[in-house]
Amino acid sequence: MENMFSRTASYYDKLYAGKDYVGEVARLIAILGIQPDEKQLTLLDVACGTGRHIQHLCKHFDVEGLDICPELLDIARARNTDLAFHLGDMTRFELGKQFDIVTCLFSSIGYVRTLDRLGAAMCSMAKHLKPGGVLVVEPWFTPETWHADTVHSLYVDEAELKVARISTSLVKDKMSVFDLHHLIGTTSGTEQLVEHHELGLFEVDEMTSAIERAGLRAEYDPGGLTGRGLYLGSRSE
153 MENMFSRTAS YYDKLYAGKD YVGEVARLIA ILGIQPDEKQ LTLLDVACGT
203 GRHIQHLCKH FDVEGLDICP ELLDIARARN TDLAFHLGDM TRFELGKQFD
253 IVTCLFSSIG YVRTLDRLGA AMCSMAKHLK PGGVLVVEPW FTPETWHADT
303 VHSLYVDEAE LKVARISTSL VKDKMSVFDL HHLIGTTSGT EQLVEHHELG
353 LFEVDEMTSA IERAGLRAEY DPGGLTGRGL YLGSRSE
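Everything in the sequence shown is counted per this note's numbering, starting at 153 for the first residue and increasing by one.
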């Protein structure tokens, strides 16, 4: 089954070239209060995408990644050739092992869309935590912070690659809805692609409740890594 990112995976890192992965990993380590380079700590990055966070996390942790999109995973594996990656759905994966830290970054949790699937994802991630482990989830927008009826654009301008991505933000049934229209030009020709995205708009208390129902102690940091906030779920020893 084709994933929404399947056809644009090869352009993904170009579109997000300005994202500060190094700074985000540094802030994550500071928030967790962990001494850098404690390589004995294990970490699973859920919805790892092309492995850009993992590229920097692996300098400090023993890291594995999981994603639902095979094309993104192929890029992640090529970038991090000595690490393990798994194809799986964050709402129902089973790796048969546990980790000191489980992360779900870049607002990927929004793709669960519904409260039931949010709960399932939190439970799946929580059961992969060792006793004393920590779950880290970077949220998507809340209903209050999502601005509907706004237009967004993103561009790639290289000698042999031009990409223009345009979208309009909408809201429907407590979900953010938008179509990402891509106009892509390469030396081989020009094509147009459209990705349809639906992400759940969850309240802070809905997120913390889902974490607590998964058996973890929930904390919320309103600043987080990028200004969207950050949820921590701690498993008892």
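Cβ atoms here follow ideal geometry from the backbone N, Cα and C, with glycine treated the same way.
Query raised in the report: What number of angstroms, rounded off, separates the C-alpha of Met153 from the C-alpha of Glu347?
Result: Caution applies to Met153, whose pLDDT of 49 falls short of 50 and renders its modelled position unreliable; the value that the coordinates give is listed next. For Met153 and Glu347, the distance between alpha carbons rounds to 15 Å.
Requested in this report: For Val264, collect the residues of the same chain with a Cβ closer than 8 Å to its Cβ; drop the 5 residues on either side in sequence, then sort them by chain order.
Outcome: Once the five neighbours on either side are set aside, the close Cβ partners of Val264 are Met242, Thr243, Leu270, Ala272, Ala273, Gly352.
Report task. Excluding the 5 residues preceding and the 5 following Gly337 in the sequence, name in chain order all residues of the same chain whose CB lies nearer than 6 Å to its CB. Result -> Scanning its chain for C-beta atoms nearer than 6 Å, with the 5 sequence neighbours on each side dropped, one finds around Gly337 the residues Lys314, in chain order.
Query raised in the report: Considering only residues of the same chain and omitting the five flanking positions on each side of Leu281, which have a CB-CB separation below 7 Å?
Result: Excluding its 5 nearest sequence neighbours in each direction, Leu281 has C-beta neighbours in its own chain below 7 Å: Gln250, Phe251, Val254, Leu287, Arg387, listed in chain order.
Query raised in the report: So what does DSSP say about Glu290, is it helix, strand or coil?
Result: Here Glu290 sits in coil by DSSP.
Requested in this report: Could you check if Pro291 is buried or exposed, using at least 16 other CB atoms within 10 Å of its CB as the buried criterion?
Outcome: Buried: at least 16 other Cβ atoms inside 10 Å.
Requested in this report: Please list, in chain order, all residues of the same chain as Ala366 whose beta carbon is under 6 Å from its beta carbon, the five residues on each side excluded.
Outcome: So the list reads Met274, Cys275, Ala278, once near-sequence residues are dropped.
Requested in this report: Indicate the three-state DSSP secondary structure (helix, strand or coil) for Ile253 in the structure shown.
Outcome: Three-state result, Ile253: strand.
Query raised in the report: Near Thr160, what residues of its chain come up, given a Cβ to Cβ distance below 7 Å and the 5 sequence neighbours on each side ignored?
Result: So the qualifying residues of the chain are His334, Leu345, Glu347.
**Report entry** 3 or more residues per run - each beta strand (DSSP E) lying fully within the region 218-252
**Finding:** Counting whole runs of 3 or more residues, the region 218-252 contains the beta strand (DSSP E) stretches 236-239.
Query - Ser260, buried or exposed, once every other Cβ within 10 Å from all chains shown has been counted against 16 - result: By the neighbour-count rule (16 or more Cβ atoms within 10 Å), Ser260 is buried.
Report task. Hey, could you find the ends of the beta strand (DSSP E) Thr342 is sitting in? Result -> Start and end: 341-352.
Query - Cβ-Cβ distance between Ile183 and Leu322 below 8 Å - result: Judged by beta-carbon spacing, Leu322 lies beyond the 8 Å limit of Ile183, meaning their Cβ atoms are not closer than that value.
Query raised in the report: Apart from the five residues just before and just after Glu364, which ones in its own chain have a Cβ nearer than 6 Å to its Cβ?
Result: Sequence-distant Cβ neighbours of Glu364 in its own chain, meaning closer than 6 Å and more than five residues away, are Ala370.
**Report entry** Rounded Cβ spacing between His238 and Glu223 (contact assumed at less than 8 Å)
**Finding:** Between His238 and Glu223 a beta carbon distance of about 15 Å is seen, past the 8 Å cut, so the two are scored as non-contacting.
Query - Inter-residue Cα distance where the pair is Asp226 and Thr202 - result: Their backbone Cα atoms lie some 8 Å apart in a straight line.
Query raised in the report: If you compare alpha carbons, which of Gly385, Gly376, Thr266, His304 is closest to Leu332?
Result: Comparing Cα-Cα distances from Leu332 to each of Gly385, Gly376, Thr266, His304, the minimum goes to His304.
Query raised in the report: Quick one: what's got a C-beta closer than 6 Å to Cys256's C-beta in the same chain, skipping five residues either side?
Result: Residues of the same chain with a CB within less than 6 Å of the CB of Cys256, apart from the 5 flanking positions on each side, are Val198, Ala199, Val289 in chain order.
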